[in-house]
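Q: To start, I am sharing the structure in question, which I have written as structure tokens.
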Amino acid sequence: MTRDVRGLRRALLHLVLVVLAALYLSPLVYMVSTSFKTRASAGSTEPSWIPDPFTTGAYRDILSSADSPVVTWFVNSLVAATGHAALVLVTAAPAAYALARLRFRGRGVIFTAIVATLFVPPVVLLIPNFLIVNELSWVDSLPAVIVPSAAGAFGVFFLRQFFLTLPAELEEAAELDGCDRWRIFVAIALPLARPALVTLFLLSFLTNWNDFLWPLYVLLSPESLTLPAGLGNFQSANNIRYDLLMAGAVIASLPVLALYLIAQRWVIEGISRSGLKG
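Residue numbers (our numbering): 40 to 317.
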């Protein structure tokens, strides 16, 4: 293959990637643009990409609304998503390490059973989870959206795949130095698994942050709602205020975008290494 042909293929590949990036980013750009429009401009039948006139009125209205405490919803979502993601790491990391490194009877059966729960539709668990949360008196409180799904199968599967890629020689050397299995897990395995831990934290944070159905079941008062559930009610009350709806969507997307930009290096490494070995 000549150099000209390789250059042409590379140029075509870049062109395709640019077109795909534009297709994926255009809704996001239009959402941000609409959030800075006036009410009349946002509801116009003639769409425009540039706000004219440019205004922050939608953000002032949505943040100062007495009926829709968006700031409270934002804080609730931030606390719930962070607590949920941290709890996922606490429950998934020891289980994943045990299934990847320890040799015991029934290990394969246990791992198969855990992975099999991934095929159970989450909606099937709504009523059982609600009954448990109600018995614990967690209804209408943040623990109801933090705890129930924290011990999921995906975290165990994801971290196990990463632990399998770690060189066994490091653990053998630590055992020769007198380290027990828990010390090896804490001092060696967890630091080496930082990319996978960061990736799992981000994925768990994103899942909880975007959760809409479960908070509607267990969070009853307006002050206890998380942001997606609150914005759902807000949309029902303001279905023709596109400027307000887009401002709420921008506010909801900011933490996720910021978290990904900060952790993208670990995310890319964690996903690439966790998917190589089974």
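Every residue gets a Cβ at the ideal spot worked out from N, C-alpha and C, and that includes glycine.
Per DSSP, what kind of secondary structure is residue 317 in: helix, strand or coil?
A: Legend: pLDDT at residue 317 = 40, less than 50; position of this residue unreliable, value from coordinates given subsequently. Residue 317 falls in the coil class under three-state DSSP.
Q: Kindly provide the ranges of any alpha helix (DSSP H) runs that are 4 or more residues long and lie completely inside the region 93-166, ordered along the chain.
A: Given a length threshold of 4 residues, each whole run of the alpha helix (DSSP H) inside the region 93-166 is given here in chain order: 96-102, 109-140 and 146-155.
Q: Among 179, 96, 56 and 198, which residue has its Cα nearest to the Cα of residue 230?
A: 198
Q: Using C-beta distances below 6 Å, list every residue in its chain close to residue 26, excluding the 5 sequence neighbours before and after it, in chain order.
A: Residue 26 lies beyond the stretch modelled for the chain, which goes from 40 to 317, so this question has no answer here.
Q: Leaving out five residues on either side along the sequence, give the residues of the same chain with a beta carbon under 8 Å from the beta carbon of residue 288.
A: Once the five neighbours on either side are set aside, the close Cβ partners of residue 288 are 70, 74 and 270.
Q: Can you tell me whether DSSP reads residue 282 as helix, strand or coil?
A: Of the three classes helix, strand and coil, the one that applies to residue 282 here is helix, per DSSP.
Q: How about residue 186 and residue 245: are their beta carbons less than 8 Å apart?
A: no
Q: When we look at the beta-carbon of residue 128 and count the other beta-carbons within 10 Å, is it buried (16 or more) or exposed?
A: Around the beta carbon of residue 128, a 10 Å sphere encloses 16 or more other beta carbons of the protein chains shown; the residue is thus reported as buried.
Q: Indicate whether the contact test is met: 3 or more Cβ pairs, each with one atom in the region 198-211 and one in the region 168-175, closer than 8 Å.
A: no
Q: May I have the straight-line CA-CA distance separating residue 299 from residue 124, to the nearest angstrom?
A: 14 Å
Q: How many Å lie between residue 105 and residue 273 at the Cα?
A: 12 Å
Q: Taking C-alpha atoms, which residue in 61, 121, 59 and 53 lies nearest to residue 240?
A: 121
Q: Could you work out which residue in 115, 192, 178 and 109 is closest to residue 132 when comparing CA atoms only?
A: 192
Q: Using the beta-carbon count (16 or more within 10 Å), is residue 281 buried or exposed?
A: buried
Q: From residue 109 to residue 56, what distance separates their C-alpha atoms?
A: 37 Å
Q: Put residue 197 into one of helix, strand or coil per three-state DSSP.
A: helix
Q: Measure the CB-CB distance between residue 138 and residue 58 and report whether it falls below 8 Å.
A: no
Q: Rounded to a whole number of angstroms, what is the C-alpha to C-alpha distance between residue 164 and residue 252?
A: Using only the alpha carbons, I get a separation of about 12 Å.
Q: With DSSP as the reference, label residue 265 as helix, strand or coil.
A: coil
Q: Rounding to the nearest angstrom, what Cα-Cα distance links residue 291 and residue 243 in this structure?
A: 16 Å
Q: Between 247, 78, 180 and 154, which lies nearest to residue 97 when the distance is taken from Cα to Cα?
A: Closest option to residue 97, Cα to Cα, is 78.
Q: Cβ of residue 116 within 8 Å of Cβ of residue 265?
A: Taking 8 Å as the Cβ cut-off, residue 116 and residue 265 qualify as a contacting pair.
Q: Hey, residue 101 and residue 286 are a contact pair by Cβ (cut 8 Å); roughly how many whole angstroms apart?
A: 5 Å
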